[in-house]
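Participant: This is the structure, below, for whatever I ask next.
Numbering (my numbering), first residue to last: 3 to 312.
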C-alpha cells in the first residue's frame with residue numbers, strides 16, 4: 003500500500019537520474035511509499051516526459067549555457083518559468099501534496115509560494131549556500147546588490163518552508179543563526195556515494211595508464227580550484243621534472259571550457275585528460291586505477307562550510 007502523499011521535486015542545476023543526491027533521496031522516499039514526480043532540465047537524447055522506475059520525470063529543454071552575470075539571470079529566469087509551466091501540467095494531470103525544491107537557485111520559493119495558496123507543503127533542500135557560492139564563483143568580486151538579493155530569497159525560502167534540509171552541521175548552523183530557524187524544522191541529510199552502485203576492478207584495461215594516475219572526479223565550477231590542479235601539473239613537469247604520470251579529470255561544469263584552454267596555455271595537454279561526464283561504471287574504473295585522488299578547492303566562505311561529494 004503506497005503512501006497517499008505525492009511529492010513534486012524541482013531541480014535546476016542538474017538532471018535526473020544523473021544527480022546522485024537527488025537519486026538517493028528519491029530512492030528513500032520511494033522505499034517509504036511516497037509517489038515522486040520530478041521536474042528538471044533535459045539533456046540531449048532524453049525525452050521530455052519519462053518514467054524512471056516508479057518516478058515520473060518531466061523535463062524542459064536546457065537553457066542557454068550561462069556566461070557571466072547576465073547569462074545566469076537568463077538561465078534562472080528561463081528555468082523558473084519552464085519549471086512553473088510543467089508544475090501546472092503535473093498539478094492538473096497527477097496532483098501533488100508537497101513541493102521539494104533543490105537549490106540552487108533559491109528562486110523555486112516563488113513556485114512554492116504560489117502553491118502554498120493551495121495548501122501545499124514546501125520542503126527546502128539547501129544543497130548550496132547561494133550567497134556564498136555567488137562570491138566564490140566571481141572570486142569575491144560580486145555585486146553587493148546581487149548578494150543581498152540572494153540573501154533575501156534564501157530568507158524567504160526559510161520563511162515559507164514547512165521543513166528545511168541541510169547537507170551538514172555547518173549549513174544547519176547558518177540556517178539557525180542567519181535564517182532564524184528552530185532546530186525542529188531542520189533535518190541534516192548527508193550525501194555520499196552508494197558503494198552498492200560501484201564495482202571496483204583495478205585491472206580494467208579500458209582506462210589503464212602506463213604511469214601513475216592523478217584523478218579528479220566531480221563538478222568543475224570556478225570555485226572548485228581545478229585551475230590550481232592544472233598549475234600543479236605544470237609545476238610537476240617543468241619545475242620538478244616528473245613526466246611519469248597522467249592527470250585525469252572526470253566531470254564538467256561552468257569552468258570546463260576555460261580549464262581546457264588553460265591546459266593548452268600551460269602546455270600540459272599531453273599529461274592531462276578531460277573525460278567530461280561519463281557513466282558511473284567508467285568512474286569506478288578510473289577510481290580503481292588511481293594512485294592519487296585530489297580535491298583542490300581553495301578556502302573561501304563557501305567551500306569552508308560545504309561538504310563536497312568529490
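Glycine included, every Cβ here is placed at the ideal spot set by N, Cα and C.
1. When burial is assigned at 16 or more other CB atoms within 10 Å of the CB, is residue 202 buried or exposed?
2. Taking residue 165 and residue 125 to be in contact with their CB atoms under 8 angstroms, please state how far apart those CB atoms are, rounded to whole angstroms.
3. What residue ranges within the region 132-219 form continuous beta strand (DSSP E) runs of no fewer than 3 residues, ordered along the chain?
4. Leaving aside the five residues before and after residue 292 along the sequence, list all residues of the same chain whose C-beta is less than 6 angstroms from its C-beta, in chain order.
5. Return the chain-ordered list of same chain residues with a C-beta closer than 6 angstroms to the C-beta of residue 23, the five sequence neighbours on each side being excluded.
6. When the Cα atoms are used, what is the spatial distance from residue 148 to residue 211?
7. Whole angstroms is fine: what's the gap from residue 249's alpha carbon to residue 112's?
8. Would you decide whether residue 2 is buried or exposed? Buried here means 16 or more other CB atoms lie within 10 Å of its CB.
9. Give me the Cα-Cα distance between residue 7 and residue 51, rounded to the nearest whole angstrom.
10. For residue 37, which residues from the same chain have a beta carbon less than 6 angstroms from its beta carbon, with the 5 sequence-adjacent residues on both sides left out?
11. To which residues of the same chain is residue 48 closer than 8 angstroms at the C-beta, ignoring the five residues directly before and after it?
12. Give me, in chain order, the residues of the same chain whose beta-carbon lies closer than 8 angstroms to that of residue 160; leave out the 5 immediate sequence neighbours on both sides.
13. Give the DSSP bridge partners of residue 39, in chain order.
14. Could you name the residues of the same chain whose beta carbon sits closer than 7 angstroms to that of residue 114, not counting the 5 residues immediately before and after it, in chain order?
15. Which ranges would you report for the alpha helix (DSSP H) in the region 258-309 if only whole runs of at least 4 residues count?
16. Does the beta-carbon distance from residue 307 to residue 172 come in below 8 angstroms?
17. Would residue 1 and residue 135 qualify as a contact pair, given that the criterion is a beta-carbon distance under 8 angstroms?
18. Whose CA, out of 87, 297, 168 and 223, lies closest to the CA of residue 189?
19. Write down the C-beta distance between residue 67 and residue 39 rounded to the nearest angstrom, noting that I regard them as a contact closer than 8 angstroms.
Facilitator: To lay it out plainly:
1. Taking the chain shown and counting its residues from 1, one reaches residue 202 at position 200. Label assigned to residue 202: exposed.
2. Here residue 165 refers to the residue found at position 163 when the chain shown is read from its first residue. Here residue 125 refers to the residue found at position 123 when the chain shown is read from its first residue. About 5 angstroms separates the beta carbon of residue 165 from that of residue 125, a gap short enough to meet the 8 angstroms contact definition.
3. Within the region 132-219, the beta strand (DSSP E) runs of at least 3 residues that lie entirely inside it are, in chain order, 165-168, 188-190 and 214-219.
4. For the purposes of this step, residue 292 is identified with residue 290 of the chain shown, where counting begins at 1. Excluding sequence neighbours, residue 292 sits near 215 and 217.
5. The residue you call residue 23 lines up with position 21 of the chain shown. Annotation for residue 23: 193 place their beta carbon closer than 6 angstroms to its own, counting only its chain and skipping 5 residues before and after.
6. As a first step, residue 148 must be located in the chain shown, where it is residue number 146. As a first step, residue 211 must be located in the chain shown, where it is residue number 209. Answer to the nearest angstrom: the Cα atoms are 46 angstroms apart.
7. Numbered from its first residue, the chain shown carries residue 249 at position 247. Numbered from its first residue, the chain shown carries residue 112 at position 110. So the alpha carbons of these two residues sit roughly 43 angstroms apart.
8. Nothing in the structure corresponds to residue 2, since the chain is present only between 3 and 312.
9. Here residue 7 refers to the residue found at position 5 of the chain shown. Here residue 51 refers to the residue found at position 49 of the chain shown. Roughly 21 angstroms separates the two Cα atoms.
10. Counting from 1 along the chain shown, the entry for residue 37 is found at position 35. 8.
11. Here residue 48 refers to the residue found at position 46 of the chain shown. Only 17 and 61 meet the Cβ criterion.
12. In the chain shown, the residue the question calls residue 160 occupies position 158. Non-local C-beta neighbours of residue 160 in its own chain, meaning closer than 8 angstroms and more than five positions away in sequence, comprise 126, 166, 177, 181, 182 and 183, ordered along the chain.
13. Residue numbering aside, residue 39 sits at position 37 when the chain shown is read from its first letter. According to the DSSP secondary-structure assignment, residue 39 is paired through a beta bridge with 10 and 58.
14. Translated into the one-based positions of the chain shown, residue 114 becomes position 112. Around residue 114, the same chain offers 101, 103, 124 and 162 as residues with beta carbons nearer than 7 angstroms, after the five sequence neighbours per side are excluded.
15. List check, alpha helix (DSSP H) in window: 258-267 and 282-291.
16. Position 305 of the chain shown, counted from the first residue, corresponds to residue 307. Position 170 of the chain shown, counted from the first residue, corresponds to residue 172. Their beta carbons are under 8 angstroms apart, which means residue 307 touches residue 172 by this criterion.
17. In the structure displayed, the chain extends from 3 to 312; residue 1 sits before or after that span and is not available.
18. For the purposes of this step, residue 189 is taken as residue 187 along the chain shown, with counting starting at 1. Nearest option by C-alpha distance: 168.
19. Taking the chain shown and counting its residues from 1, one reaches residue 67 at position 65. Taking the chain shown and counting its residues from 1, one reaches residue 39 at position 37. Not quite, the Cβ-Cβ distance comes to about 27 angstroms (not below 8 angstroms), so this is no contact.
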